[in-house]
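Under numbering that gives the first Met the number 0, think of the first position of the sequence shown as 0, with each following residue one higher. The beta carbon of each residue, even a glycine, is placed where N, CA and C say it ideally should be. Read through the structure below, which is laid out as structure tokens, and then see the notes.
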Amino acid sequence: MQQKEYEIRFLTGAQTLYGDEALRQVDAHSQVVVDALNASGRFPVKIVYGGTLKSTDEIESAFLSANDASACVGVILWMHTFSPAKMWIRGLKTLQKPILHLHTQFNAEIPWSEIDMDYMNLNQSAHGDREFGHIMTRLNKSRKVVVGHWNDSEVHDHIAAWSRVCVAWRELNQTRVLRFGDNMNNVAVTDGDKVAAEETFGFRVLYCPVGELAAEVAKVSDGAVAALVSEYEREYEFADDCKSGDGMTQVREAARIEIALREVLERWNAQAFTTNFDDLYGLNQLPGLAAQRLMKDGYGFGAEGDWKTAALVRAMKVAARGLPGGTSFMEDYVYHFKGKGAILQAHMLEVCPSIAKDKPRVEVHPLGIGGKSDPARLVFTASEGSGVAATIVDLGARYRLIVNEVECVAPEDALPKLPVARAFWTPRPDLKTAAAAWIWCGGTHHTSFSSALTREHLEDFAEIAGIEAIFIDSQTKIYDLKRELRWNEAFYGR
């Protein structure tokens, strides 16, 4: 998870009608706003002032410059005064970066005793931004709209959420998802159209024979394994039967696989990967501990060949970088029909320790599938608190993002015989409604769960990607949801 230098361009709209002095004030005000936003320390990128735009040519030039700048991940647009929107048409048709329309004005309040027509003409964002909003709607431009004074913390929250998603979108467009093996058995929901996915989201899905990983495993030295196991011993608790004997042998094999897997991912310049317990040729065990630790470092992961979830986990990890909480691949397992209901979430092995409540514990247990030796894994319970569980489904001609707001709670009792990492959560509004809604939406059994991100981040993601988004939350009612799905069929097409 490397921190790269990204920027967002801040561009202000005006016109020459009110004279040079007014334009100088617009320019000065804009610089004050940009300086204050950067000084807030709320954003994962630097906001760069790109000037006051007053003509069709200036607008087009600024947008072409933003398109060409690899460091630029988005543009913030503000109409300080009235900026006739027809002169924005050509530029908006060329702009390829995410847009945030900041509907603000320089002064938060009306200066009642001093206001005159010069002040009115200079500070008419209420006029200019509505004109600008009209042309973006007419051109059907995807964007985020934030309303409020530029120095309000709530406005900063909305801009910060969007800027994080802009960075995630930029990195997703450069993501390479490496698949070891193919899709598991005949599972439909984890497969899909990889060409359409690259067209829509930008990430590439590449195939790597698991034999290449196995060959790399054979090259790993015993010294490198010993060093990594020492790292495990510093970071995690160890079950008694993993401190020596057969248990330690399997932990050492897991370490050997992790070292090799990192080498292969770096060789392929991959930021996400999938595994498949049906295809483990040449490996001692399913890469469980390795997948957990690689996710902790920022890699996306999907089990059983699920490349869409691997890419989504990667994007959400990038968006969450630096925020409290964690992000992990997850799977629905067992329902708890009591009260509002809850779901025991887990997977065979691969749950990211970034969501752990306490220090994870290294354990070795039989897997029961795959026909390999008993794999090592980290066992823990997720922290309590709010989060989001998201998935992307391929509907044939388009994609749908499904998001369920959830509340992680402590399990009602100990789970001494469950040898996997797990989370226990109540989906909003309740289990019965949420599960029915998820099924009506065609959702997967795999998700990307995050206790760091919120609905807003994922709503911004869907807007930038231009895909349908369905949110299952405390207000969800099945009758209304079914109507929304039917309306969306008409809008997005099948």
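Residue 239 is not a Cβ neighbour of residue 445, given a cutoff of 8 Å.
For residue 184, the secondary structure class from DSSP, reduced to helix, strand or coil, is coil.
Under the three-state reduction of DSSP, residue 95 is assigned to coil, being neither helix nor strand. Closest by C-alpha distance to residue 344, out of 379, 286, 312, is 379. Straight across, the Cα-Cα distance linking residue 283 with residue 302 is about 18 Å. Counting only the Cα atoms, residue 171 lies some 11 Å from residue 307. The alpha helix (DSSP H) runs of length 4 or more contained entirely in the segment 305-382 are, from start to end of the chain, 306-319. Following the DSSP letters along the chain, one finds residue 393 inside the beta strand (DSSP E) bounded by residues 384-393. Ranked by Cα distance from residue 370, the first of 312, 432, 285 is 285.
Annotation: residue 468 to residue 281 spans about 41 Å, alpha carbon to alpha carbon. Pairing residue 233 with residue 463, the inter-Cα distance amounts to about 42 Å.
If one requires a minimum length of 3 residues, the beta strand (DSSP E) runs lying completely within the segment 82-130 are 98-102, in chain order. Segment contact: the segment 446-457 against the segment 399-417, three or more CB-CB distances shorter than 8 Å; contact assigned. DSSP lists 178, 301 as the bridge partner or partners of residue 273. When secondary structure is reduced to three states using DSSP, residue 438 falls in the helix class. Taking C-beta separations shorter than 6 Å and ignoring five residues to either side along the sequence, the partners of residue 17 in its chain run 120, following chain order.
In the DSSP annotation of this structure, the continuous segment of the beta strand (DSSP E) that includes residue 425 starts and ends at 421-426. The three-state reading of DSSP puts residue 37 in helix, counting H, G and I together.
Taken in chain order, the whole beta strand (DSSP E) runs of length 3 or more contained in the segment 132-166 are 143-146.
Residue range 287-295 is occupied by the alpha helix (DSSP H) that includes residue 295. When beta bridges are read from the DSSP output, residue 77 appears opposite 11. For residue 5, the three-state secondary structure derived from DSSP is coil.
Setting aside the 5 residues that flank it on each side, residue 349 is surrounded in the same chain by 287, 290, 291, 300, 302, 328, each with a C-beta closer than 7 Å to its C-beta; the list follows chain order. The Cβ-Cβ distance between residue 180 and residue 268 does not fall below 8 Å. Contact between the segment 407-424 and the segment 469-479 is not established, with fewer than three Cβ pairs separated by less than 8 Å. The segment 112-129 and the segment 61-74 do not touch, with fewer than three beta-carbon pairs separated by less than 8 Å.
Secondary structure of residue 236 (DSSP, three-state): strand. Looking only at 178, 440, 243, the smallest Cα-Cα distance to residue 209 is reached by 178.
Rounded to the nearest whole angstrom, the C-alpha separation of residue 106 and residue 148 is 8 Å.
Taking the C-beta atoms as reference points, residue 8 is found no nearer than 8 Å to residue 32. Under DSSP, residue 445 takes part in a beta bridge, and its partners are 330. By the CB criterion at 8 Å, residue 229 and residue 42 fall outside the cutoff.
According to DSSP, residue 405 shares a beta bridge with 386, 426. With 16 or more other CB atoms across the displayed protein chains lying within 10 angstroms of its CB, residue 182 is buried.
DSSP places residue 53 outside both helix and strand once states are collapsed to three, so it counts as coil. A direct Cα-Cα distance of roughly 20 Å separates residue 92 from residue 461.
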